[in-house]
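Protein chains in written order, with the UniProt record's numbering: chain A, 1 to 144; chain B, 1 to 144.
Here the structure is laid out as structure tokens; the discussion comes afterwards.
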DNA sequence: GTCCATGCAAAGGCTTTGCATTATA
DNA sequence: TATAATGCAAAGCCTTTGCATGGAC
């Protein structure tokens, strides 16, 4: 399991046990660029470990979020959460609230603001959620 | 029901029927500055109309969100949504992911960015969700 | 060996939906 | 009067939890 080598350091850093299931979830989050639902992570994890359980996925991502390894995004129209690694080079989206189409935007207007807040509040900020939404060109026209 | 006068115009504008229940929900959203859960809206609505049903609250806020009258905020740690009017002078928060304490921040770093995106994409943007999170001073110290 | 993580099954909690009734335009 | 909204009850779905077992340190 050579691919797990630097995972080991992450688990050490955050003082959580290095288990096979956590390695699998972390690898999935590393590999994917887009946010994933717990169910999607579960499906991908099943390919590596046929016995892995959905509750383990939830427990794992909850731990990752509490440590700041991952972030929880509740940005979907559906009532479920999405998760992705808490990286510097994350992405934001504009979502059409009519057809659900999403386009990604290249600039994060928050990153700089986080540094400002870090200096001007006593919070240690580890991440943010941002979603912009509206109507895409097609649905905008359809409304007339 | 004089207080419903300008609600009437809103319902007309968005082409939805002017019902007593929708007036009650809209008034609650107008009165409150902070985001509310469906349950909280329901509790407040019950004081005006003892028979109003939770499913009506959900249907009402879902319509409001689809029209851009209100926005849906999935910013809570709990897995439930919050709702507030889609106003210009909204507020954002930094939330402590350990104790859930929130402090409000005065500047919205997104508003200006929305205008930029409105001009540089073909989306008509009607709102955004932003939450910043981290650890407050107390929980930051506790971690060591 | 101790303590934590996992699998399984069940429960919990938020939200949506079908249908008969009621209210709006 | 035709159409849409509501109340009620039930279902749906995402997520968490209790407990016995298994695995990491």
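Just so it is clear, CB atoms sit at the ideal spot from N, CA and C, and this is done for glycine as well.
Starting from residue i and walking both ways along the beta strand (DSSP E), at which residues does that stretch end?
i                      : result
residue 102 of chain B : 102-105
residue 124 of chain B : 124-135
residue 84 of chain A  : 82-85
Mind listing the chain B neighbours of residue i? Cutoff is C-beta to C-beta under 8 Å, in chain order.
i                      : result
residue 126 of chain A : 97, 133, 134 and 135
Need the endpoints of the alpha helix (DSSP H) that residue i sits in, please.
i                     : result
residue 14 of chain A : No alpha helix (DSSP H) contains residue 14 of chain A, which DSSP labels as neither H nor E.
residue 67 of chain B : 54-67
residue 44 of chain A : 38-46
Do residue i and the ligand ADP come close, with the Cβ less than 6 Å from some heavy atom?
i                     : result
residue 26 of chain A : As presented, the structure is devoid of all ligands, the ligand ADP included, so that no description of it is given.
Hey, residue i and residue j are a contact pair by Cβ (cut 8 Å); roughly how many whole angstroms apart?
i                      : j                      : result
residue 114 of chain B : residue 132 of chain A : 7 Å
residue 90 of chain B  : residue 108 of chain B : 7 Å
residue 92 of chain A  : residue 103 of chain A : That belief does not hold up - the Cβ atoms of residue 92 of chain A and residue 103 of chain A are roughly 10 Å apart, past 8 Å.
residue 52 of chain B  : residue 24 of chain B  : 7 Å
residue 86 of chain A  : residue 68 of chain A  : 6 Å
residue 94 of chain B  : residue 134 of chain B : 7 Å
residue 54 of chain A  : residue 38 of chain A  : 7 Å
residue 57 of chain B  : residue 41 of chain B  : 5 Å
residue 130 of chain A : residue 83 of chain A  : 15 Å between Cβ atoms; not a contact.
residue 122 of chain B : residue 137 of chain A : 4 Å
What does residue i reach in chain A if we use C-beta pairs closer than 9 Å?
i                      : result
residue 140 of chain B : 122, 123 and 124
residue 79 of chain B  : 74, 79, 80 and 81
In three-state terms, what does DSSP make of residue i?
i                      : result
residue 7 of chain B   : helix
residue 72 of chain A  : strand
residue 108 of chain B : coil
residue 139 of chain A : helix
residue 97 of chain B  : coil
residue 91 of chain A  : coil
residue 30 of chain A  : helix
residue 79 of chain B  : coil
residue 51 of chain A  : coil
residue 120 of chain A : helix
residue 1 of chain B   : With a pLDDT of only 39 at residue 1 of chain B, under 50, the local geometry of the prediction cannot be trusted, and no value is derived from it.
List the residues of chain A that residue i touches, going by C-beta distances under 8 Å, in chain order.
i                      : result
residue 114 of chain B : 132
Mind listing the chain B neighbours of residue i? Cutoff is C-beta to C-beta under 7 Å, in chain order.
i                      : result
residue 117 of chain A : 94, 105 and 132
residue 66 of chain A  : 97
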